[in-house]
Amino acid sequence: MLSIPGIGERTALALLIRMPELGRVSREEAAALAGLAPFDNDSGQHKGQRRIAGGRARLRRSLFAAALPAAFRWNKALIVLYTRLTAAGKAHNAALIACARKLLIYANTVIQRGTPWREQASAT
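Quick note on the numbering used here: the sequence shown kicks off at 1195 and runs consecutively.
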């Protein structure tokens, strides 16, 4: 997990302690357990705003704190994601929450596969 840019020893430790199911759940379940899954506030014809809700608050804070420098400096995939979301009009915090969710998904995948992180080749 330490091979993922943006996840250091403290974040890895927080992930393992606060989410022992990591690696045994799907990406959607992991995001929901951490409270990083979007909650849609819809009812009938009313389409409400999407927010994050529930989950493990301390884990969510740890991931948010890790996503902050990762989205600006360390993780190329998160830099691209953050830039794309803010260019599309998303708020700074909403884009950082998306980056935190992506970091959690990366960690879950690395543990599931048992292989170190590899940077994806760019499509362009």
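Virtual Cβ for every residue (Gly too), placed ideally from N, Cα, C. Bear in mind the structure is a predicted one, so any value in this text is a computation, not a measurement.
query                                                                                                         : result
C-beta contact flag for L1209 and L1253 at 9 angstroms                                                        : yes
Rounded straight-line distance, which links the Cα of R1204 to that of I1211                                  : 11 angstroms
Buried versus exposed, by CB contacts within 10 Å (16 or more), K1270                                         : exposed
Strand pairing of I1198, partner residues [DSSP]                                                              : Partner(s): none; I1198 has no beta bridge.
Cα-Cα separation between G1248 and A1225, rounded to whole angstroms                                          : 11 angstroms
Burial state of S1220 (16 or more Cβ within 10 Å)                                                             : exposed
CB-CB length for L1216 against A1261, believed under 8 angstroms                                              : Contact flag wrong, Cβ pair sits at about 16 angstroms.
CB contact flag (F1258, A1294, <9 angstroms)                                                                  : yes
The alpha helix (DSSP H) enclosing P1263, as first and last residue numbers                                   : 1251 to 1263
Cβ neighbours of Q1306 in the same chain (closer than 6 angstroms, five flanking residues each side left out) : G1217
Pair within 9 angstroms by beta-carbon distance, V1274 and I1198                                              : no
Neighbour-count burial assignment, G1200, 16 or more Cβ in a 10 Å radius                                      : buried
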